[in-house]
Amino acid sequence: MIFESTIKLPFSYAAGGISSRFLVSLRDERAILGARCTGCSTVTAPALPFCPACGRATEEVVGIGPGGTLEAWTEQPTKGVFGLIHLDGADTPLVHRLIGQTDWDSVSRVIAVFAEHRDARITDIEGFIALGVDS
Numbered sequence: 006m007i008f009e010s011t012i013k014l015p016f017s018y019a020a021g022g023i024s025s026r027f028l029v030s031l032r033d034e035r036a037i038l039g040a041r042c043t044g045c046s047t048v049t050a051p052a053l054p055f056c057p058a059c060g061r062a063t064e065e066v067v068g069i070g071p072g073g074t075l076e077a078w079t080e081q082p083t084k085g086v087f088g089l090i091h092l093d094g095a096d097t098p099l100v101h102r103l104i105g106q107t108d109w110d111s112v113s114r115v116i117a118v119f120a121e122h123r124d125a126r127i128t129d130i131e132g133f134i135a136l137g138v139d140s
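When we follow the working numbering, the leftmost residue of the sequence shown carries the number 6, and every step to the right adds one.
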């Protein structure tokens with residue numbers, strides 16, 4: 006006999022020092038922080054505790070964005086449009102929602118739009134809008 010069921014396992018995730026600073030900066034300052042690696046100087050977007058390039062700790066936070074280059078985008082039916090954004094000052098890309106545009110193929114530069122009500126979550130960035138349209 007097989008009995009099918011669903012088990013819910015709710016949990017909370019502790020963001021940690023660097024990531025918490027990133028989230029608080031979104032909420033309180035409407036500013037995006039990256040983290041610089043102590044070994045190879047890679048700047049991650051968003052701020053992460055470890056470098057994805059060499060694995061060392063990242064201890065220094067730096068301001069990045071709010072503008073950036075749209076590297077790629079995709080549309081998820083019923084969920085919206087998402088882009089791979091290389092924020093100014095960062096070495097790694099950020100994936101986030103794209104808003105206010107229908108022809109993303111003609112967009113190269115975007116800028117962050119912050120939510121009116123923020124609560125220290127990545128969604129404090131409402132999305133990214135086009136800065137200019139390429140011809």
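For every residue, glycine included, the Cβ atom is placed at its ideal position computed from N, Cα and C.
Please read all numbers here as calculations on a predicted model, not as lab measurements.
Distance, Cα to Cα, L14 vs F27?
Working through the sequence shown from its first residue, we reach residue 14 at position 9. Working through the sequence shown from its first residue, we reach residue 27 at position 22. Computed Cα separation, rounded: 27 Å.
Proximal residues to D129 (C-beta, below 7 Å), its chain only, five neighbours per side dropped:
Working through the sequence shown from its first residue, we reach residue 129 at position 124. Same-chain partners within the cutoff: L31, R32, F119, A120, R123.
Please list, in chain order, all residues of the same chain as A20 whose beta carbon is under 7 Å from its beta carbon, the five residues on each side excluded.
Numbered from its first residue, the sequence shown carries residue 20 at position 15. Cβ within range, chain order: L28.
Indicate whether G94 and G132 have their beta-carbon atoms separated by less than 8 Å.
The residue you call residue 94 lines up with position 89 of the sequence shown. The residue you call residue 132 lines up with position 127 of the sequence shown. No, the Cβ-Cβ distance between G94 and G132 is not below 8 Å.
Rounded separation between Y18 and L38 - CA only
Reading the sequence shown from its first residue, position 13 is the one you call residue 18. Reading the sequence shown from its first residue, position 33 is the one you call residue 38. When rounded, the distance between both Cα atoms is 20 Å.
T47 to E34 span [Cα, whole Å]:
For the purposes of this step, residue 47 is identified with residue 42 of the sequence shown, where counting begins at 1. For the purposes of this step, residue 34 is identified with residue 29 of the sequence shown, where counting begins at 1. Approximately 24 Å, taken between the alpha carbons.
Ignore the nearest five residues each way along the sequence and tell me which others in E64's own chain have a CB closer than 7 Å to its CB.
Here the question's residue 64 lines up with position 59 in the sequence shown. The beta carbon of E64 sits closer than 7 Å to those of T43, all from its chain and outside the five residues before and after it, given in chain order.
For E76, which option in T11, L103, A40 has the closest C-alpha, if you only look at C-alpha atoms?
Here residue 76 corresponds to residue number 71 of the sequence shown, with the count starting at 1. Closest by alpha carbon: L103.
If you check the beta carbons only, do V112 and G72 fall under 8 Å apart?
Residue 112 sits at position 107 when you count from the first residue of the sequence shown. Residue 72 sits at position 67 when you count from the first residue of the sequence shown. With respect to G72, V112 sits apart: the two C-beta atoms are not nearer than 8 Å.
Nearest to R126 (by Cα), restricted to the options H101, I90, Q81, Q106:
Within the sequence shown, the letter at position 121 stands for residue 126. Checked all of H101, I90, Q81, Q106; the closest Cα to R126 is H101.
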